[in-house]
Amino acid sequence: MTPITVRVDGAAYTDDVEPRTLLVHYLREQVGKVGTVVGCDTSNCGACTVHLDGEAVKSCTVLAVQADGCEVTTIEGVGQDGLHPVQKAFHEMHGLQCGFCTPGMIMASIDLLEDNPDPSDDEVREGIEGNLCRCTGYQNIVRAVRHAAAEMRGGGGGSRNGHVSPAVVDTAAAPHVAVQA
Amino acid sequence: MTAVEDRPGVPSDDAAAPEIGRARRRKEDARLITGMTTWTDNMVLPGMLHLAVVRSPVAHARITNVDVSAVREAPGVIAVYTGQDLAEEQGSLPCAWPVTPDMVNPGHPSIAVDQVNHVGEAVAVIVARSKAAAQDAVELADIDYEPLPVVLDMEEAVQDGADLVHDHLESNTSYHFVFDAGEMGTGSDTDQAFADADVVVSRRFVQQRLIPAFMEPRSVVVQPQGDNYTMWSATQIPHILRVMAAMVTGIPEHKLRVVAPDVGGGFGGKLQVNPEEILCLLIARRLGKPVKWTETRSESLMTAHHGRDQIQYVDVAADREGNVKGLRVRLLADMGAYLRLITPGVPALGAFMYPGIYKFPAYRFECDGVFTNKVPTDAYRGAGRPEATFAVERIMDELAVELGMDPLELRRKNWINAEEFPFTTVAGLAYDSGDYETATQEALQLLGYDELRAEQQRRRESGDPVQLGIGFSTFTEMCGLAPSRVLGSLSFGAGGWEHAAIRMLPTGKVEVVTGSTPHGQGHETAWSQLVADSLGVPFEDVEVLHGDTAISSRGLDTYGSRSLVVGGSAVVKAADKVIAKARKIAAHLLEASEDDLEFAGGKFSVRGTPGTGLGIQEIALAIFAAHDYPEGIEPSIDAEATFDPENFSFPHGTHLCAMEVDTETGFVKIRKYACVDDVGTIVNPLIVEGQVHGGLAQGIAQALYEEAVYDDDGNLTTGTFVDYLVPAASDLPHFDTGNTVHAAPGNPIGAKGVGEAGCIASTPAVVNAALDAVRHLGVTDIRMPLTPERVWRALHDGGDGGERATARTNAQAVDSTDAPSTSGGAL
């Protein structure tokens, strides 16, 4: 067992861990941060993404001992002062269905927006390609990330470069409503 | 009924507007975006033990010796169970769909006793204090296998003298299912139709094996309490699981509670009674301790049921003018090693949909269910209907080529016209409503069809190495599973009704209990919208409860695009009953005749006296107090309802794909995807759009990316997300989606179902598009998934590019860098 001290979502934890323990298992099983989930065993799905000293990492690729002395932010801590704009945008744009990939997707998206505050659709798609979603087909996730980007830049969402809210899209796509009696 | 009149299905954020049709943001999101979710694997119970499963590394073998003595001595291990240990009590996993009276079902042990029949089959279960300790001990199990011949290829497996998966059976064929429209009286004689035809086109299509690949791995927790058991499972079907688990284990049904907490996707993959669910129950019963099993992703891909895996031999007959005369379909359907819950029924579900939207006068379908040494197949999004839609939409394109006709004109010539609904097809289904022409016109506009056709022409004329093609899929599906009597006639082991209850709480809040079990579909939001409109209460005042057999007493769960159509209808019916009960209380309290009361906006008022009256939420409090209510009735306005549909519903749509094919590299890229779906009344356009997007992603993934591949020894070589290519955001295009709305006449909401539409429709559109791009270069088919290698081989070597590509996967023999370097001269 190896002692580590990690600050998780603002609180300090000192624990003994097996050297082989992955950060995600430490977070889930010892710290109780079950908002962060495990979706695969090959670091492909990104469901376990957290921030380690401000950078997005797949917490299944990091040993708990490597996080010793570090600051970890999980989905449970990202919105401690209310919802983060990216969380709000996923809700607003219907960027989730079953929600299992969502914590990792949100954490990856926040990191993406820190690197690129105004990504294009393609840049969002490339930026989150390390995170798999099986439900949404990604389109509303892309909308959500760009909506959040606009919010975070202070420009308000939904008005630029064809970036529209899903409600507007729905209306535009269904002008030919032909109800039968 | 009360809920749907005057609802055009147009989204609105107007607070005064009806809830149905509003793009309500989902209630579910609050916990999902903050990590406050209850996934089964999050659960920790005092004294809980953890299971790990020792699995067979071989596809077909007799178990000659099992030595788990070292496992027992491993740190943290509490117990270990082999197949012999559990043989007497494990029963057989259920198959609920004997599609023919003489179907052969070899039985399905949860844990192998003396023989393994696919890689990954459980052979021992280790119980330990931690998951890590249990997994560490797996490699200490010493199990000897005597190999048996491995059966993998269906076409070989059905030959006389083939090696057998189950050597106590006579053959590898489980059943032979036939639907003949001539014999059933729903069509004319098929052989005659082919004999008389001007043109016959025959094709063999391969529906590759797919893996549902829900994001949340399966997980089970069982807590024993005396002789009562509670099972939490990441399942789509807590109600069905409860019944089946009781029957398998002998635990009385009323002693077993099943809970599906937050469930992270299913797509049919969690429509199952899993071996591990039974094993958890048996072991919790033995040990008297709570146990948990959570699979790894590798376990999931290897052992959770797969989907598709059919070989389709399709013949179409037509006259020279392009009028279709007959359709003949012969299937080989890979069951895998065992029959799971609805394994044999999946191709049978498709049997009725091969005629698609076309007026075939003659139709014959036959299917052999074939055993192989692979994990069983079962439901995967669409379940039978994607296969059927693929076959008919592909063969229509092939027929168009044969006739020299435009593929859309051929479809138009043969599809059911809007004025012909309701239309009984040659398969005997009564299609309820629709307008294929309008949906197609809208889709053509969304795609920008004329411009893309012009560009295609330019690229062909200039010999552009990147060619462009446009693919059609004009589809319908049968949804809203299902009329119970019809299921009975198909020998299905259960009905297709759904149940709902509404509890009016004293404070005016409303609890809605649904037997439909969501795992991402947004029931809590959509059902709240239904009830808000029906009862005239605020959306926020409604809470939807689900997924727990102790709370939701009756239900048949979620699959087959049934939840809104059947489950939502039950909710609306229950609301109608609440109003009927409340009306009597209102009449009493208002001292008026029931007949003089009108109910609108959540309020009963005496006709002609607007502004007065009594709200239904006030009545809820009054009847809770029960100080003053009419004689002869019970003091409650709670109600429940069970809705059994009279017919399936038939969503339809036109999906168009524009595809770029790089003839030098074989790389394909979707240039544009447009679709217009008619899913009936739209309760929440956000959710509908999301369902279509997700379905498109999975249907496109079948066409382009995904395949479960076994090597010659029966090892799954796509056993991780490294190898099994669930598409990422960068692999998928933007979708342009739209809707037409023809309300379904068969249910009070008018909904047709949307969960599977995108998945069913998109696959043939994508493949047809790729072929349209390169057909002038001599390519007539490309095996799915359309990997660059397969496309390149089809372009350069002829054939469908599939056999050799598969061989490469098996042998790792061909250097993929060969492909581009030799491509130059061929085009």
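Residue numbers (UniProt numbering), protein chains in the order written: chain A, 1 to 181; chain B, 1 to 827.
Idealized CB from N, CA, C, for every residue including glycine.
Residue of B:802, B:796, B:281, B:619 minimising C-alpha distance to residue 125 (chain B): B:281
Nearest to residue 258 (chain B) (by Cα), restricted to the options B:264, B:267, B:273, B:268: B:273
C-alpha gap between residue 718 (chain B) and residue 134 (chain A), whole angstroms: 17 Å
Close beta carbons around residue 14 (chain A), own chain, < 6 Å, minus the five adjacent residues each side: 5
Below-8 Å beta-carbon distance, residue 147 (chain A) vs any chain B residue: no
For residue 104 (chain A), three-class secondary structure by DSSP: DSSP, read as helix, strand or coil, puts residue 104 (chain A) in helix.
Per-residue DSSP class, three states only, for residue 724 (chain B): coil
Beta-carbon spacing of residue 415 (chain B), residue 431 (chain B) below 8 Å: no
Cutoff 6 Å; reference residue 753 (chain B); Cβ partners in own chain excluding five residues on either side: 479, 480, 561, 565, 649, 651
CB contact flag (residue 795 (chain B), residue 704 (chain B), <8 Å): Going by beta carbons, residue 795 (chain B) and residue 704 (chain B) fall outside the 8 Å limit.
Where residue 39 (chain A) meets chain B, residues with beta-carbon distance less than 9 Å: 215, 216, 217, 264, 297, 721
Burial state of residue 3 (chain A), where buried means 16 or more other Cβ atoms lie within 10 Å: exposed
Integer-rounded CB distance, given that residue 755 (chain B) should sit under 8 Å from residue 691 (chain B): 5 Å
Contacts of residue 51 (chain A) in chain B (Cβ-Cβ under 8 Å): Chain-ordered listing is empty here: chain B has no CB closer than 8 Å to the CB of residue 51 (chain A), the nearest sitting near 13 Å.
Cross-chain neighbours of residue 129 (chain A) in chain B, by beta carbon under 9 Å: 728, 729, 730, 731
Contact set for residue 119 (chain A): own chain, Cβ-Cβ below 8 Å, skip 5 residues either direction: 112, 113, 127, 145, 146, 149
Beta strand (DSSP E) runs wholly inside the UniProt domain "2Fe-2S ferredoxin-type" (2-78) of chain A, at least 3 long, in chain order: 2-8, 11-17, 49-52, 55-58, 71-73
Three-way DSSP call (helix, strand, coil) for residue 272 (chain B) in this model: coil
Uninterrupted alpha helix (DSSP H) stretches inside the segment 458-538 of chain B (no shorter than 4 residues): 484-489, 523-535
Residue 212 (chain B) vs residue 267 (chain B) beta-carbon contact at 8 Å: yes
Members of the segment 625-654 of chain B that neighbour chain A once the beta carbon cut-off is set at 9 Å: none
Contact set for residue 180 (chain B): own chain, Cβ-Cβ below 6 Å, skip 5 residues either direction: 364
Enclosing beta strand (DSSP E) for residue 118 (chain A) [first to last residue]: Run containing residue 118 (chain A): none; DSSP gives neither H nor E here.
Sequence-distant residues of its chain with Cβ nearer than 8 Å to residue 603 (chain B) (five each side left out): Within the same chain, Cβ atoms closer than 8 Å to the Cβ of residue 603 (chain B) are found at 536, 613, 614, 615, 616, the five residues on either side in sequence being excluded.
DSSP three-state assignment for residue 24 (chain B), whether helix, strand or coil: coil
Of the listed residues B:751, B:401, B:622, B:610, nearest to residue 589 (chain B) (C-alpha basis): B:622
Start and end residues, beta strand (DSSP E) containing residue 759 (chain B): No beta strand (DSSP E) contains residue 759 (chain B), which is instead part of the alpha helix (DSSP H) from 757-774.
Any C-beta of chain B under 8 Å from that of residue 30 (chain A): no
Top-ranked residue by Cα proximity to residue 357 (chain B), from B:305, B:427, B:369, B:371: B:427
Range covered by the beta strand (DSSP E) that runs through residue 142 (chain B): 142-147
Residues sharing a beta bridge with residue 456 (chain B), DSSP: None, per the DSSP bridge assignment.
Where residue 135 (chain A) falls: helix, strand or coil (DSSP): In the structure shown, residue 135 (chain A) sits in coil (DSSP, three-state: anything other than H, G, I, E or B).
Residue span of the beta strand (DSSP E) that contains residue 365 (chain B), given as start and end: 363-371
Assigned secondary structure, residue 545 (chain B) (DSSP; H/G/I helix, E/B strand, else coil): strand
Proximity to residue 152 (chain A) [Cα-Cα], best of A:109, A:125, A:137, A:123: Looking at the Cα atoms, A:109 is the closest of the given residues.
Cα-Cα separation, residue 342 (chain B) to residue 442 (chain B): 37 Å
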